[in-house]
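Data first, discussion second: the structure below is written as structure tokens.
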């Protein structure tokens, strides 16, 4: 069957509509993939298991697809790019930090890190600071 001008234009319109619909569907899928992945938190500083002798430490990182972010239950500020920075007080020994986030659909994520504080605590009676020793190994016992 030979193509006439009318059938060719009809076929061209149908193919154009299919291509435009395909592009719209592909764009919608591409944009919705971020929402399907859910919330994500990256911690840049401090490293998990790191030790410090200072009394404070800055927690820095980036969150993706998160509306509310908390550090040990306290809300923290997120900028437009998802970056956050929070200064916290460290205690001598192991400090467990939990950064939790929730996206607009109610999905939660958590990242936990531990920082060892080898703190120097000021003594009220002495002018020199008192160095608090930190256990370097954990002893375990088993009952028989």
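In the working numbering, the protein residues as written are 248 to 391.
Think of the CB as a built atom: it goes at the ideal place given N, C-alpha and C, for glycine as much as any other residue.
Residue environment analysis places residue 289 among the exposed positions, since fewer than 16 neighbouring C-beta atoms fall within 10 angstroms of its C-beta. For a cut-off of 8 Å, the C-beta gap from residue 318 to residue 304 is around 11 Å, too long to register as a contact. Per DSSP, reduced to three states, the secondary structure at residue 256 is helical. Here residue 296 is not near residue 310, since their CB atoms are 9 Å or more apart. Take the alpha-carbon of residue 313 and the one of residue 257: they are about 47 Å apart.
Around the beta carbon of residue 266, fewer than 16 other beta carbons sit within 10 angstroms, so the residue counts as exposed. Annotation: the continuous beta strand (DSSP E) that includes residue 360 extends over 355 to 364. Per DSSP, the beta bridge partners of residue 318 are 321 and 346. Excluding residues up to 5 positions away in sequence, 293, 297, 299, 304, 337, 342 and 344 lie with their Cβ nearer than 7 Å to the Cβ of residue 362 in the same chain.
When DSSP states are grouped into helix, strand and coil, residue 294 belongs to the coil group.
If you look at residue 331, you'll find it in the beta strand (DSSP E) that goes 330 to 336.
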